[in-house]
Structures are given as structure tokens and as C-alpha cells.
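Sequences listed follow chains H and B, in order.
The letter at position 325 of the first sequence is residue 325 when you use this note's numbering, and the numbering goes up by one with no holes.
The letter at position 244 of the second sequence is residue 1244 when you use this note's numbering, and the numbering goes up by one with no holes.
Ideal placement from N, C-alpha and C gives every residue a C-beta, glycine not left out.
Protein chains: 2
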Amino acid sequence: MLRLSSNDPGFAEAFARVVADRRESAVDVAADVAAILKDVRERGDAALAELTAKFDGHDLDQSGWQVDAETCRKAFDNLDPTLRAALELAAERIRAYHEAQLPEDRDYTDSAGVRLGATWRAVDAAGLYVPGGRAAYPSSMLMNAIPARVAGVERLVVVTPTPKGEVNPLVLAAAHLAGVDEVWRVGGAHAVGALAYGTQRISPVDVITGPGNAWVAEAKRQLYGVVGIDMVAGPSEILVIADAQNDARRIAADLLSQAEHDPTSQSILITDDKTFADAVAEAVEVELSALHTQATARASWETNGVIIDVAGFDEAPSLANALAAEHVEIATDDPEALMRQIRHAGSVFLGRMTPEAVGDYVAGPNHVLPTGRRARFSSGLSVLDFMKRTSFIQLDEAALDAIGPAAVALADAEGLPAHARSISVRLGQ
Amino acid sequence: MLRLSSNDPGFAEAFARVVADRRESAVDVAADVAAILKDVRERGDAALAELTAKFDGHDLDQSGWQVDAETCRKAFDNLDPTLRAALELAAERIRAYHEAQLPEDRDYTDSAGVRLGATWRAVDAAGLYVPGGRAAYPSSMLMNAIPARVAGVERLVVVTPTPKGEVNPLVLAAAHLAGVDEVWRVGGAHAVGALAYGTQRISPVDVITGPGNAWVAEAKRQLYGVVGIDMVAGPSEILVIADAQNDARRIAADLLSQAEHDPTSQSILITDDKTFADAVAEAVEVELSALHTQATARASWETNGVIIDVAGFDEAPSLANALAAEHVEIATDDPEALMRQIRHAGSVFLGRMTPEAVGDYVAGPNHVLPTGRRARFSSGLSVLDFMKRTSFIQLDEAALDAIGPAAVALADAEGLPAHARSISVRLGQ
């Protein structure tokens, strides 16, 4: 863990190094992934079967290519009732938040008599990548599938690796609850390729979302343009801005809630009180010792954790904007005043009773958020990722008379006579 | 030009071939571009100067790295008054349409007492790529720069190659009108790299938009995630759906307005009248002979043009949805009835008096639209491409009591104890 003080000489340089460190995988898998995608495109299911046998150690013809709807329903029914109710509450709240996000169509006629508008429609089909193993989270299934459903996507397809053929019942239960249409037992870059190009068994989709390892991320990047994709995701991050009125244990727990995701995760505290900073550092050690995820959380905290004390919270917004963090928690007396000055953040958690983890599960907003300073230019997952907008224009004779001649002048200036002609032939010229 | 009849045997296969033909450059420039980007990232301005000398044949230290604001203003003042007025009308109408597009923030408290919302903000800086040579269009400058300005982007940077140092006065005039802040005389993949990484002279931007050749497109694709980018664009397309009540000359002009862009452009007519189909085919020949862009337009029409006659317009929507064309013109008695059934299109032009070219210049909606069937999942350029959304959540004690336990249950089930702890420590457990 790195301790910084904003009035130390050398603070600007040390902070700039924190900002510049993206903690992202530098492993170059581009060529491997390109070869896999080419193989899936050319050979379809035969390539999927071979690669699944190789990487996941099972034979799709034996284990079954799909997990059927009945299996998902049973997984849901067999959940512990408390957990089932929790999943239902989460689904309901995520649905409500994303329904309020649905964009409105426009249709109006302006003063020149030109009718203008835009219509939003869902994509026909969406594919969700669900990782196997440690990162297979039912909450991620809900956070990806429900916005797609709310957007109006007709066909919702999940691909997920099932190493040795084993499925994750929690993930299947979430798939049932979210109303997923197909669950395919394939993972890796080849599964992403199958979703984009289609195979004999799997029909292609229009948009692919969901987290994955370096191969999956690179496959999505290479297929960007063949399909739509969500933003490439990096390690999770939290920035906590907290004053000394907080309980140090609570702030320590908040910092560790991101640290436990992965050794590359990053937790940063900004406080205006050096003594409180010390108390949080101590509390982190106490909290760590109680976690069964201690090894991961400790690796993250020791390597990437940062505590910064500042002379006053007026220094915090510029630091927060430079970090452009995925999660920003503001535990101060007037969190709103700080939020107004923070331009770049994935999601903001206001006040002392809003630990980031409520946003991971049940608050309603999406937990798929921009990482690695991408909040400077990108947004969390939303219904808009599963929709597209068609603009429309309608002129009558009077409207064309009003604005057509200007278009003719511009088309002539650009050296595009057929553009000009398509208008002038209607102006009777 | 390909003539098809929907009641011919073999129509389905022939049409599927039209849909599958993406007409996009297959040249693999990935390795070249990666090397150029690495060079710009490591050596900054020195790399830009060398590559500009090599590709554009001028010395940036002699010609000047930037075109200054005064030069742009003079280019605008020196425009022919008719052209200046046309450019002003276009700018004003584009601005009005995009202002109506600005998204609304949300802030509400739900029945569980949870305050939820989302705030939209502009990115800090946007970079616009403006090609040199044939494709340097003032209308493109307006269509890229004005949405960025309307979104609230503070710093708007143009990069444009100036072969032999020569600038395009029309483009500079449009830059002045759109309120561009910086115009750099650099182009190619290296200019895109400079915008993304920054150099000694050029500060980095957050989003890069604008058309370019295969190198520019590949540079944007490789930098996706370092910055935000607009959709990768392919050759232009128009689908015209027209009945026999139209003047064949007008429809021919509309088809040629896209054909004249590039030999790889595609123009398709769907009509319910074979005689009208013949008349349009003849009119295209007549129109072609009058165009100074005849060579390009003819190459496009002969190679990629298609005329399809259908038994009735009820067949048109499924064909249009399969094509998912950039531009769809509907010149029938009830264009709205067809539009309602067309789910995938970049922009729709309704009625007999709405030639597509009015949308290229003065109608108001953006002319940067998805090509190559990408209207299935992506939208035209808008203010949203220059903005991002931050969600926020605020709970008080009662709200945390209401929804916190469900989050604890889910965190436990996912094996994330620090997530659970950050909530339970506030529930007093």
C-alpha cells in the first residue's frame, strides 16, 4: 500500500504514476485469437467441439451442447429460499432502474416544414458471455441480461464454459430468472466467434456483452464492427473519499470489497485527516485477517492500494477526475457538493450508508462500469447498448423549396453533381 | 447492375449473396498501423514530422504544425455569399436537431427509499479526423464538430493531412463555423495515434470520430478502449423503395447520388412495377452521361447496383431488414406504413420529395450513419458519442436495512465476504 500526502514534495509525480498505471494484461493474444476466430468462422461447430475438448476437457456431443430451460428452472427452484428472494429482489430493482432508462422516440415538424425524428429499436439478438470458474457471478448474469430484455431484445443467448462439463447452478438460476433463451456450453474466444459469425447450431447475434479473460476481451475487440460490443473491461477499482467522522472499519471494508476481486484490483482512499488515514490502514489489516479471500485482497491492497491525505476536500475533485474511477464513494457531510465537481466516474455512492457493494447487487443501476480511466469517455452498461436509433426525414414541396437550394449549393461545392441533381430535379430546375 | 425478380427461382440465393457482400477493404494493415502507433507513442512529434514528410511531402516546421484560427476565419469570410449562407443554414439546422437530442439527467427516490439517478456529461476533448483529397467535405466537418459542441465538449481538435502543405479552404471555413479549437496539419494513422496518446505539442483527446482510409480506420479500431471512437465506416449505400407513380429520372438521380461517392458504394432499388424498373434503368444511363463523376458512379452502378422487382411492397420490409442499409428512401403513397416495419436502417427518407441528399447537408440529422449492415446494432453519430453517463446511488439507514440483507446473501453466495462485510458492518451485525 502506498501512502501519499498532497503537501509532500513530489506528490504530483507520485500521483501521476498512480494514474498512469493501468494494471492491465500486457499479454499479446491477438494472433492466437485471430487464428481461433478464423477457424470458427470457417469450420463452425466442428471447431467449437475441438476447442471445447481441448480447453474445457469435455465432449459437447456427450455433455450436450446446450443447458436446457428445464435445468435452469430447476436450479432456480432448488435455491435456498433466502437466496432466491435476494435474487428476485435484485432482478426486480435492476429491471425498474433500466426501464426508466428507455429512450423516447422523437417526431416533430420544424418551422421550415421539415418533419424530423428518430426511432429507437432493440437489436434482434444479444449474446452474453458468462465466464466459468471464479468470476461466474449470478449478479453479472442479471446485470447483462435484464437490460437486454428491457430494451426489447427478442433472442438472448448465453455462452459459458463448463470445465469438465460442470455447470454453476447459481448462474443457471439467474439465467432462468432473467429469461435467457439459450445457454450454450462453450467459452473462450471461440464462443465469442460463434456468437458473431454463427455456426450450424448457433445463430449469430447482433451485440455481445459480458466479462471474460484476455482471450475473450481480444475476441470482442477484433469482432467490433461485425457485432456491437460493450466496453473492454479491466480490473475493478474503487476510490473512497471519506472524512474522519466515518467508522474506520466500514471504510476499510469498502476498500477491501474491491480488493478481493483480483490481485490487479485497486482501492484508493482520499481523506482530509492523517489520523483517520492511519486508523483505516490499521482496520484494513484487522478486516483482512477475517476474510477467506484474504490472499487475493491482500495482494491487491499491498500492490495497488493507495491512501492519500489531502489538506482539504477541495483538492479531491481534481484527483478524482484524473483517476476517473469505476466506483467513487463519497462519505462526507455534503457528498453532493463533491459529486457535482466530479466529472469522470462510472458510478458514485453518496453518503455514509451507501457501501459500493449495494450497487453490485441490489441498488438497480448497472454494475458493468468503465474501468482503467475509461469513465472519461464511456458509460456503464444500459438499455442503449442493446438498442439503436434510426433517424427519419420527410419533406413536402414547400420544405424542399425552402432548404433544397442550400443543399444544391453545398453538393456543387463538394463536387458531387448527382447529389445536387437529385434535389434540383425535384425543384423543377 | 444486377436485375432480380422476387418470383424468380433462385431469388433467395441471389439476394443472400447481395446481403453477404460487404464490399469492404480486405487489405490487412494491422501490423503497419500497430508499428506506426507504437512509434508515435514513443517518439511523439518527431515521429509525426517524419511520417508527414514521408506521406504528405511537407516539412511541418516549415509549413507550420497548425492552421491558425485567423486563416480559418478568412477562409469563411472569403466564401461566395451563396455558399456561405448555405453552410450557415446547414450548421443552424444540424445544431437544432442535435440540441433536441441532449439526454436528460435522472434523480429520484424509489419506494424503498433509495435515491437513484444518472448524470450525463460531455467528454473533455474530442478529436475529429478530416481526410485530405477527394473525401474532404465541409459537410462532414459540420456533422462531426457540431454534435461535439452541442454535447458541451470544451476542446475540439481537428487533424487533417495537407498533401504538399495545401489546405482545403472549404474545410477550413467549416471548421471556423463549427467553432473548432485546433487544426493540426497531420493525417493518417499517426495523426490518430497523436490524438489518442498525445505528443509534446498535441494534448490527448477522449473521443476520436470522423472518416478515413483503411489505415485511419484500423488505427481507430486498435485505439478503441484507449479512447472512445465512432463506428468503423464502410462504403456508402442507399436502398430506394419506389412505386411507379414516381418520376424515373428522380429515382435514378437518387440512386446515383450514392453511386458517385466511390466505386464500392451500392445503390439498390426495390419496386413493385417491372416497367418502372426498366424506366429507372434507362434513366440511370441518361443521368450518368451528364455527370462529371460519371466514371465513379458508373463503376459503382455496374458493379454493385441492384434493381429488384417484387410482387408487392409487403415483401419490401424483410428485404430492407436483411440489408440494414445506411440510407432507405421510401417513395410510395404511404411511406410511413413501410417505415414502421423496417427495423434496421441508418436513416429513413419519407415520401417522394425527400431525396437522400437533403439529409447529407441541410435536413439536420447526422449524415454519419452505420454502413455494411451495422444498422442492425449501431446508430448514426449523435451528441451521445461525445457524452458519458455517471450513475449514482444514495441510501440512508432505513434504505440499507430494506435492501442490504439481500445484497449480503448474494455476496456470500458469490464467495465475496468483503462485499458482504461492507454492508453488514453498517447493519450493526
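Next on the checklist: For L83(H), would you say it is in contact with chain B, using Cβ-to-Cβ distances shorter than 9 Å as the test?
Outcome noted: Chain B contact via Cβ: present.
Next on the checklist: Counting only C-beta atoms, is S257(H) closer than 9 Å to chain B at any point?
Outcome noted: Interface annotation, S257(H): in contact with chain B, CB-CB separation under 9 Å.
Checklist entry - What in chain H is Cβ-close to V1227(B), meaning under 8 Å? => result Near V1227(B) (Cβ distances below 8 Å), the residues of chain H are F377.
Checklist entry - So which residues of chain B does V425(H) contact, with C-beta pairs closer than 7 Å? => result Below the 7 Å Cβ cutoff, chain B contributes R1249, R1250, A1253 as neighbours of V425(H), in chain order.
Next on the checklist: Excluding the 5 residues flanking I308(H) on each side, which residues of the same chain have their C-beta closer than 6 Å to its C-beta?
Outcome noted: Within the same chain, Cβ atoms closer than 6 Å to the Cβ of I308(H) are found at L4, I270, the five residues on either side in sequence being excluded.
Item to check | DSSP-derived helix/strand/coil call for L338(H) | outcome: Of the three classes helix, strand and coil, the one that applies to L338(H) here is helix, per DSSP.
Checklist entry - Name the chain B residues whose beta carbon is nearer than 7 Å to that of Q394(H)? => result Near Q394(H) (Cβ distances below 7 Å), the residues of chain B are L1350, G1351, T1354.
Checklist entry - Among the residues of its own chain, which have a CB less than 6 Å from the CB of A1049(B), if the five just before and after it don't count? => result Hits under 6 Å: L1060.
Next on the checklist: Per the DSSP calculation, F1392(B) is bridged to which residue(s)?
Outcome noted: According to the DSSP secondary-structure assignment, F1392(B) is paired through a beta bridge with V348(H), G1117(B).
Item to check | V1284(B) - partner residues in DSSP beta bridges | outcome: When DSSP reads this structure, V1284(B) sits in no beta bridge, so it has no partner.
Next on the checklist: Only counting the same chain, and skipping five residues up and downstream in sequence, which positions put a Cβ closer than 6 Å to that of S391(H)?
Outcome noted: Taking C-beta separations shorter than 6 Å and ignoring five residues to either side along the sequence, the partners of S391(H) in its chain run A118, following chain order.
Item to check | Environment of K1038(B) [buried if 16+ CB atoms lie within 10 Å] | outcome: Result: exposed.
Checklist entry - Would you say G1193(B) and N1168(B) are within 9 Å of each other, going by their C-beta atoms? => result No, the Cβ-Cβ distance between G1193(B) and N1168(B) is not below 9 Å.
Checklist entry - When you compare only the Cα positions, how much space is there between D1254(B) and A1325(B)? => result So the alpha carbons of these two residues sit roughly 15 Å apart.
Item to check | Local conformation of Q66(H) per DSSP, three classes | outcome: Three-state DSSP puts Q66(H) in a strand.
Item to check | Interface flag, G1165(B) vs chain A, CB-CB below 9 Å | outcome: Looking for chain A here will not work: the only protein chains present are H and B.
Next on the checklist: Between the segment 1276 to 1292 of chain B and the segment 1376 to 1393 of chain B, can you find at least three pairs of beta-carbon atoms closer than 8 Å?
Outcome noted: Contact between the segment 1376 to 1393 of chain B and the segment 1276 to 1292 of chain B is not established, with fewer than three Cβ pairs separated by less than 8 Å.
Item to check | Whole-Å CB distance - Q1341(B) paired with P1317(B), under 8 Å assumed | outcome: Confirmed, about 4 Å.
Next on the checklist: Determine whether the beta carbon atoms of V130(H) and V158(H) lie at a separation below 9 Å.
Outcome noted: The answer is yes: Cβ separation under 9 Å.
Checklist entry - Would you say R1389(B) reaches chain H, if we count a Cβ-Cβ gap shorter than 9 Å as a contact? => result Closer than 9 Å: yes.
Next on the checklist: For a contact defined as C-beta to C-beta under 8 Å, what are the partners of I1403(B) on chain H?
Outcome noted: Residues of chain H passing the Cβ test: L89, R93, V358, V362, A363.
Next on the checklist: Could you check whether the Cβ of D1039(B) sits closer than 9 Å to any Cβ belonging to chain H?
Outcome noted: Not a single CB atom of chain H sits nearer than 9 Å to the CB of D1039(B).
Checklist entry - Taking Cβ positions, are H1261(B) and T1296(B) nearer each other than 9 Å? => result The answer is yes: Cβ separation under 9 Å.
Checklist entry - Which residue's Cα is closest to the Cα of A1277(B): R1250(B), T1052(B), T1071(B)? => result Of all alpha-carbon atoms in R1250(B), T1052(B), T1071(B), the one lying nearest the alpha-carbon of A1277(B) is that of R1250(B).
Checklist entry - Apart from the five residues on each side of it in sequence, which residues of its chain come closer than 7 Å, Cβ to Cβ, to V67(H)? => result Cβ within range, chain order: V167, L172, V183, R185.
Item to check | Touch test, the segment 1344 to 1364 of chain B against the segment 1081 to 1096 of chain B, Cβ-Cβ under 8 Å, three pairs minimum | outcome: Yes: at least three Cβ pairs fall under 8 Å.
Checklist entry - Could you check where the beta strand (DSSP E) with E1182(B) kicks off and where it finishes? => result For E1182(B), the enclosing beta strand (DSSP E) starts and ends at 1182 to 1184.
Checklist entry - In or out: L410(H) buried (at least 16 other Cβ within 10 Å) or exposed? => result Around the beta-carbon of L410(H), 16 or more other beta-carbon atoms lie within 10 Å, marking it buried.
Next on the checklist: So with CB distances below 7 Å, who are the chain H contacts of H1292(B)?
Outcome noted: Listed by position along chain H, the residues whose Cβ is nearer than 7 Å to that of H1292(B) are P417.
Checklist entry - Are the CB atoms of I330(H) and V348(H) nearer to each other than 9 Å? => result Yes, Cβ-Cβ distance for I330(H) and V348(H) is below 9 Å.
Next on the checklist: Against chain B, with Cβ distances strictly below 9 Å, would P317(H) count as a contact?
Outcome noted: No - not a single Cβ of chain B is within 9 Å of the one on P317(H).
Checklist entry - Of all Cβ atoms in chain H, is any one closer than 9 Å to the Cβ of A1112(B)? => result Closer than 9 Å: yes.
Checklist entry - Where R201(H) and M1231(B) are concerned, what is the direct C-alpha to C-alpha distance, given to the nearest angstrom? => result So the alpha carbons of these two residues sit roughly 29 Å apart.
Checklist entry - For D107(H), which residues of its own chain have a beta-carbon under 6 Å away from its beta-carbon, when the five flanking residues on both sides are left out? => result Short of 6 Å from the beta carbon of D107(H), and not among the five residues preceding or following it, lie these beta carbons of its own chain, in chain order: G117.
Checklist entry - In this structure, does DSSP put V1018(B) in helix, strand or coil? => result In this structure, V1018(B) counts as helix in the three-state DSSP scheme.
Checklist entry - Where E1336(B) and A1047(B) are concerned, what is the direct C-alpha to C-alpha distance, given to the nearest angstrom? => result Linking E1336(B) to A1047(B) through their CA atoms gives a straight-line distance of about 53 Å.
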